[in-house]
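Novice: Those letters in the sequence shown? Residues 1 to 136, by my numbering.
Just so it is clear, CB atoms sit at the ideal spot from N, CA and C, and this is done for glycine as well.
Every value quoted in this text rests on a predicted model; they were computed, and no experiment measured them.
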Amino acid sequence: MVNKISGSRYNLTDAIIRQTDKVNASSSKKEGAADRISSGRSFQEILNEQFDQGISFSRHANQRAEERNIKISESDLNRLGNACDRAQQKGIKDALIVMEDSAFIINAPNKVVITVVDKNEMKSNVFTNIDGALFI
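Right, here's the structure in full:
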């Protein structure tokens with residue numbers, strides 16, 4: 001598998017592909033391929049939706065999410081995209097977006113997640129270089 005790197009960041013597509021490979025490897029022992037294909041939305045549908053949303057993760061953010069075992073669902077991506085839109089409307093460039101168990105520092109105009117922090121690290125962390133915060 002080849003990661004498409006653009007500048008100093010790459011799209012969440014790479015992470016989605018890695019997660020899909022992990023799920024397919026573990027679920028192939030439990031069920032047949034026909035069951036996996038018919039049990040939900042296709043990878044292509046999820047990928048198209050991701051491109052429509054426009055959220056991407058920097059290499060640093062993706063590494064942090066994997067290190068901290070932070071799972072980002074499709075609905076989380078939608079919520080982050082909506083939060084980015086709201087931040088842009090208010091003129092926020094670098095936003096702290098806090099969800100239930102995670103916090104994201106996002107460059108709102110570019111819709112790029114700069115870093116990800118889990119709830120344990122939120123308690124002892126100081127967030128700097130942000131213009132605003134959204135709690136979703």
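#1: In its own chain, which residues sit with a C-beta less than 7 Å from the C-beta of residue 87, not counting the 5 before and 5 after it?
#2: I believe residue 102 touches residue 119 by the beta-carbon criterion, under 8 Å. Please report the beta-carbon distance rounded to the nearest angstrom.
#3: Assuming residue 58 and residue 113 form a contact by the criterion Cβ under 8 Å, report the distance between their Cβ atoms to the nearest whole angstrom.
#4: Check whether the Cβ atoms of residue 80 and residue 97 sit closer than 8 Å, and answer yes or no.
#5: Note down, in chain order, each residue of its chain lying with its Cβ closer than 7 Å to the Cβ of residue 34, except the 5 sequence neighbours on either side.
#6: If you run the structure through DSSP and keep just helix, strand and coil, what is residue 126?
#7: Please state the DSSP three-state secondary structure of residue 157.
#8: Let's see if you can read the secondary structure: which residues bound the beta strand (DSSP E) around residue 107?
Specialist: Walking through what the data contain:
#1: Closer than 7 Å at the Cβ level, and outside the excluded window around residue 87, lie 95, 108, 132 and 134.
#2: Confirmed, about 7 Å.
#3: Residue 58 to residue 113, Cβ: 6 Å. Contact.
#4: Yes; because the gap between Cβ atoms is below 8 Å, this pair is in contact.
#5: Note on residue 34: pLDDT 47, under 50, position unreliable in the model; no value is reported.
#6: Looking at residue 126 - three-state DSSP - the assignment turns out to be coil, as it is neither helix nor strand.
#7: This structure gives no information on residue 157, because the portion of the chain shown stretches from 1 to 136.
#8: Note, residue 107: beta strand (DSSP E), 102-107.
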